[in-house]
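Here's the structure we're looking at; comments come further down.
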Amino acid sequence: MTAGLKETNRSENTQQFSIVIPTWNSLEYLQLCLGGLRRHSHFFNQIIVFVNDGSDGTIEWLENQTDIDFVHAESNMGVCFAVNACRSLVKHDYIVYMNDDMIPCPDWDLHLANEIKQLGTDFFYLSATLIEPKKLNNPNYVAIIRDFGTSPENFREEELLAACSSLKREDWQGSSWPPSVVHKKIWDLVGGFSIEFSPGMYSDPDFSMKLWSIGVRIFKGIGKSKVYHFGSRSTKRIRKNKGSRLFLNKWGMTSRTFYSEVLQVGKPWKGAYPDEVLLSFLPKTRNKLKKLINSLT
120 MTAGLKETNR SENTQQFSIV IPTWNSLEYL QLCLGGLRRH SHFFNQIIVF VNDGSDGTIE
180 WLENQTDIDF VHAESNMGVC FAVNACRSLV KHDYIVYMND DMIPCPDWDL HLANEIKQLG
240 TDFFYLSATL IEPKKLNNPN YVAIIRDFGT SPENFREEEL LAACSSLKRE DWQGSSWPPS
300 VVHKKIWDLV GGFSIEFSPG MYSDPDFSMK LWSIGVRIFK GIGKSKVYHF GSRSTKRIRK
360 NKGSRLFLNK WGMTSRTFYS EVLQVGKPWK GAYPDEVLLS FLPKTRNKLK KLINSLT
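The opening position of the sequence shown corresponds to residue 120 in my numbering, with each subsequent residue numbered one higher.
Following this line, the structure appears as structure tokens:
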């Protein structure tokens with residue numbers, strides 16, 4: 120256990136997945152998320168919550184939830200540190216990383232488990248497909264757009280459940296965002312999330328790039344596995360790190376190049392990636408120019 124953290128490990132008879140959920144004074148969102156996991160999961164998965172601060176009553180509430188394991192830090196440690204700190208509590212082979220503002224649809228985990236069985240390898244990175252209330256300005260956007268509420272106060276769960284089966288999305292390329300699942304030995308091989316990206320901006324593409332660097336070539340979004348997502352509340356409350364610059368300096372390309380040119384996020388799934396993806400002239404030139412600009416500023 121890391122100094123300054125308190126671990127509570129008491130779940131029993133869990134199976135299949137260890138689900139890691141960082142939270143930061145968002146008790147109403149967390150309660151919806153955990154309630155959805157309890158009601159809509161096919162398996163009795165292990166749930167591990169990392170509580171940043173928790174002064175909003177989160178700790179007191181979790182202490183009465185005997186099926187939930189959790190780690191508590193008295194201050195906000197950020198996503199990278201939080202997810203890594205939960206590793207010592209993981210009981211199962213497959214680690215799922217999920218945000219606290221997500222609510223799973225029925226059998227979300229069964230669809231992931233079925234896909235894992237078919238793959239025949241542990242060198243993969245899978246994501247569920249998000250349902251979100253509004254479209255974001257993101258060239259690699261892959262979510263299903265349907266508004267069932269933007270907060271716990273106006274969330275319409277019955278409408279979501281009634282519509283889930285009719286919301287279609289084919290499997291897609293470029294898994295890189297939560298809810299995501301990776302084998303624990305692959306997680307350990309790359310050392311989890313890179314804490315130099317704390318509190319967390321650009322940690323997702325960095326983790327995917329680390330997987331790519333060790334030979335993972337299956338980055339697949341599963342259309343049948345669906346999870347409702349309110350939106351990234353925590354990122355609006357933190358002082359953001361300069362993750363884009365750090366990513367470029369570390370990997371020699373922008374995260375946009377990695378997502379659009381290498382992983383081709385959001386395009387229909389067409390199988391495992393080749394060992395090497397050659398960049399075209401334009402992104403190669405753009406990356407060189409951005410590296411030069413970074414070195415001068």
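Virtual Cβ for every residue (Gly too), placed ideally from N, Cα, C. If you're wondering where the values come from, they're calculated on a predicted model, not measured in any experiment.
With distances taken between CB atoms, is the gap from residue i to residue j smaller than 8 Å?
i, j, result
"W306", "K386", "no"
"I167", "M217", "no"
"V190", "S322", "no"
"S332", "S246", "no"
"T376", "L398", "yes"
"I250", "H348", "yes"
"P225", "L156", "no"
Less than 7 Å between C-beta atoms, sequence neighbours within five positions excluded: which residues of the same chain meet that for residue i?
i, result
"H302", "D212, Y213 and D241"
"P271", "E147, Y148 and L151"
"E131", "none"
"K343", "H230"
"T127", "D188 and F189"
"K304", "D241"
Please report how far the alpha carbon of residue i lies from the alpha carbon of residue j, in whole angstroms.
i, j, result
"F169", "E395", "37 Å"
"L365", "E277", "43 Å"
"G340", "K125", "34 Å"
"A204", "F312", "10 Å"
"L279", "P393", "38 Å"
"S363", "M372", "10 Å"
"E179", "L153", "15 Å"
"N195", "S414", "31 Å"
"V381", "S374", "10 Å"
"V209", "L408", "43 Å"
"M221", "P141", "12 Å"
"K253", "L286", "15 Å"
List the endpoints of the continuous beta strand (DSSP E) containing residue i.
i, result
"Y216", "Y213 to Y216"
"T127", "L124 to T127"
"L249", "Y244 to E251"
I'd like the list of long-range same chain contacts for residue i, defined as Cβ closer than 8 Å, with 5 residues on each side in sequence excluded.
i, result
"A282", "R265 and F267"
"Q383", "Q292 and G293"
"G123", "A192 and E193"
Considering only residues of the same chain and omitting the five flanking positions on each side of residue i, which have a CB-CB separation below 6 Å?
i, result
"W370", "M328"
"D175", "N144 and L146"
"I337", "F243 and A391"
"F162", "Q134, Q135 and D228"
"D186", "S130"
Starting from residue i, trace the alpha helix (DSSP H) in both directions and tell me its first and last residue.
i, result
"A192", "Element bounds for A192: not the alpha helix (DSSP H) but the beta strand (DSSP E), I187 to A192."
"T177", "T177 to E182"
"Y378", "Run containing Y378: none; DSSP gives neither H nor E here."
"P223", "From DSSP, P223 is part of no alpha helix (DSSP H) but of the beta strand (DSSP E) over M221 to P223."
8 Å is my cut-off, CB to CB: does residue i come that close to chain B?
i, result
"G268", "Of the protein chains in this structure there is only one, and it is not chain B."
- [ ] Would you check if the stretch 293 to 300 and the stretch 315 to 327 touch, i.e. whether three or more CB-CB distances between them fall below 8 Å?
- [x] Yes, they touch.
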